[in-house]
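Undergrad:
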Amino acid sequence: MEKDSVLSSMVSELRRGTLVLCVLSQLKIPMYGYNLVNTLNEKGIAAEANTLYPLLRRLESQELLESSWQTDGPKPRKYYQTTEFGNEICRQLKQHWDKTVSSINQIFEEESK
């Protein structure tokens, strides 16, 4: 197997696993999908619409997000925002993330000694 192919696949897996946490953290204020894609990309989180929209629908079906249409602008837009349940899940995921990052950093620090 080619090194670049293996690395690309693993980076994609890592990104998929962290995207939920990033999305939940950003949707504490209402945002429409394209705005969310841009916001994540500006913050260094690679997000594409064809990945993000199915994720938004899944998180909504899990009652982590709620959506509403706003039709007062030039074109209708569907805005998403975390629910109280979504905020709680986000807080708990962040705790797991912090613990995981700390553990991984410890592993690499020990490795470099």
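Residue numbers (UniProt numbering): 1 to 113.
Ideal Cβ placement from N, Cα and C applies to all residues, glycine included.
Taking a contact to mean a Cβ-Cβ separation below 7 Å, would you say residue 89 touches residue 64 in this structure?
TA: A contact, by the Cβ cut-off of 7 Å.
Undergrad: Return the chain-ordered ranges of every alpha helix (DSSP H) run that is complete within the region 23-65 and spans a minimum of 4 residues.
TA: For the region 23-65, whole alpha helix (DSSP H) runs of length 4 or above, ordered along the chain, are 33-42 and 49-61.
Undergrad: The alpha helix (DSSP H) with residue 94 in it runs from where to where?
TA: Unbroken alpha helix (DSSP H) run through residue 94: 84-111.
Undergrad: Whole angstroms is fine: what's the gap from residue 69's alpha carbon to residue 27's?
TA: Cα-Cα distance, rounded: 15 Å.
Undergrad: For residue 36, does the count of other Cβ atoms within 10 angstroms reach 16, so buried, or fall short, so exposed?
TA: Residue 36 is buried by the Cβ-count criterion.
Undergrad: From the DSSP output, in three-state form, read off residue 78 for me.
TA: It is a strand residue.
Undergrad: To the nearest angstrom, how far is the alpha carbon of residue 61 from that of residue 10?
TA: Near 27 Å, if we compare the C-alpha coordinates of residue 10 and residue 61.
Undergrad: For residue 39, which residues from the same chain have a beta carbon less than 8 Å from its beta carbon, with the 5 sequence-adjacent residues on both sides left out?
TA: These residues qualify, in order along the chain: 26 and 31.
Undergrad: So, do the region 78-93 and the region 44-51 have three or more beta carbon pairs nearer to each other than 8 Å?
TA: Segments in contact, no.
Undergrad: On the criterion of 16 or more Cβ atoms from any shown chain inside 10 Å, does residue 86 qualify as buried, or is it exposed?
TA: Per the 10 Å Cβ criterion, buried.
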